[in-house]
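Report on one structure; see the data block that follows.
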Amino acid sequence: MSPSQPTLQEELARVFHEVLLNDARLALPAKVYELAERTVFDSLTIPTPYIPVPLKVTESSAALWALAATCANAIVRERYGIEQSATVNTDLASLFLVSGLVARVDGKLLADADLVARYSAYDLGHIFEKWRFNCTNVYPTRDGRFFHLHGSLNSNKTLTMMKLPLYRPDMTDEMEIIQEYCKALAALYGATVLRVSCASEPELGLLLVDGNLGKLDTSINLKSTEGKKQFLELLQDADVVIDGYRPGALEKLGFGRRYLREIAKRRQKGIVILRENCYGWHGPEVHRSGWQQILDCFTGVSWLVGRFFGLDEPVVPPLPNSDYQTGIIGLIGILAAVDRRANEGGSYLVDISLNQYNQFLLSLGEYPEETQAALRAQHPDLKLRHYNTIFTAT
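Residue numbers for the sequence shown follow this note's numbering, beginning at 8 and rising by one.
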């Protein structure tokens, strides 16, 4: 790295102090600014970028963790009278983005046959079968463009649309997938988190190892009368509801934000509602669902990664960056809303999206060409193409 180029620690400090803390849209309380100088960055960590992408994912992750830590410290000081500092480690902030790959269960890797058998039982849509997994990938078209097909957790509709068989016995090898939820981060910060799943719906079983860390779990069918009753009982004591359904799905089930606020009003205790989606909560795409891969293509991130590898085609980033970092943003939003409820009362809506995070990441700019060349030199055997997914690239 050229002496004129900032280190990772210097750049993330700039992002934290000059970008995040100066963003009026965050409406951070004064007590957060008062403690900002007590959030420091470990100077003994690797000083140069090492994740093979042209965008500042390490700096972004570390800066968001710095803001989350500062918000938490402000709450701790006000509630318990404890003064404390926070140290952000950029190496850990980077490893967080691939934590699903390094997860262990009783010392066993996720590829262990016993573990595979356990989490594959949740894969009701058989998405780990290669034939079905290929329903979510980038494909070139005759006119020279690229199309990202999205098969979701059950690829039947996608395969039927393309008039393809639902099953190919010659393509049934197992593949890996990782995703992260901000609920796991809330649990990390001390919350009691109950994940509401449904045994009749398909899951990406592998995510239950990483994404369910620190959570409780229950199975409720919200389409049934009994399930609605059970969920309503849980809501009576809930401080935060995190909605990870497709946009509008919870409303159709009878538990939209207006109804949740009415429950809070009746019990005389406010509630925080966090909604997460792909495209954002304003504009023509608000109703659409999508995954990180779709949004990376939608915002141009994948094209920048392809150009980084010397290609004139999109390449999905080789790590679930947007999924994980949007989770950190959700944690920050929950901390801010819970704090405001404690001081002012009322109920609060927190909206986050993959699109909002990617726009933030893009606003930080790309690494200089010198740095990008050094990154490629660090990973000489990494030759990605448009057909490589997050999961086959790792």
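All residues carry an ideal CB built from backbone N, CA and C; glycine is no exception. Only a predicted model underlies this, so the values are computations on that prediction, with no experimental measurement involved.
Euclidean distance between Cα positions of residue i and residue j
| i | j | result |
| --- | --- | --- |
| N219 | V203 | 11 angstroms |
| A20 | L27 | 10 angstroms |
| R347 | A37 | 12 angstroms |
| Y2 | V247 | Outside the shown range of the chain (8 to 401) lies residue 2, about which nothing can therefore be said. |
| N144 | Q379 | 26 angstroms |
| G352 | A344 | 10 angstroms |
| Q385 | F238 | 50 angstroms |
| G151 | D319 | 11 angstroms |
| G88 | A198 | 20 angstroms |
| Y57 | Q366 | 22 angstroms |
| M168 | S11 | 54 angstroms |
| T333 | R273 | 32 angstroms |
| C205 | G261 | 16 angstroms |
Paired residues, beta bridge with residue i - DSSP
| i | result |
| --- | --- |
| E283 | I359 |
| K38 | Paired residue(s): none; K38 is not in a bridge. |
| K115 | V112 |
| H393 | DSSP output for H393 lists no bridge partner at all. |
| H294 | None; H294 has no bridge partner. |
| L156 | N144 |
| E136 | Note: E136 sits in no beta bridge, so no partner. |
| E373 | L62 |
Residue i - containing beta strand (DSSP E), residue span
| i | result |
| --- | --- |
| I249 | 247-250 |
| N144 | 144-147 |
| K222 | 222-226 |
Residue i, enclosing alpha helix (DSSP H) - first and last residue
| i | result |
| --- | --- |
| R202 | That residue, R202, is in no alpha helix (DSSP H); its beta strand (DSSP E) goes 200-204. |
| L311 | 308-315 |
| D217 | 214-217 |
| E233 | 232-242 |
| L260 | Note, L260: premise wrong, no alpha helix (DSSP H); not H, not E. |
| V322 | Run containing V322: none; DSSP gives neither H nor E here. |
| N163 | 163-168 |
heavy atom of the ligand SAM below 7 angstroms from residue i C-beta
| i | result |
| --- | --- |
| K236 | Judged by which ligands are present, the structure shown has none, so any question about the ligand SAM falls away. |
Residue-chain proximity (residue i, chain D), Cβ-Cβ < 8 angstroms
| i | result |
| --- | --- |
| L356 | No chain D is present in this structure, which holds just one protein chain. |
Within the stretch 83-113, note down every full alpha helix (DSSP H) run reaching 4 residues or more, in order along the chain. Complete alpha helix (DSSP H) runs here, min 4: 97-103, 106-109.
Please list the segments of the beta strand (DSSP E) lying wholly inside the stretch 21-69, counting only runs of 3 or more residues, in order along the chain. 46-48
Does the stretch 92-100 come into contact with the stretch 49-63, if we say contact requires no fewer than three beta-carbon pairs (one atom in each stretch) closer than 8 angstroms? yes
Please determine if the stretch 247-265 and the stretch 322-329 are in contact, where contact requires at least 3 C-beta pairs separated by less than 8 angstroms. no
Is the stretch 280-299 touching the stretch 251-260, taking contact as three or more C-beta pairs under 8 angstroms? yes
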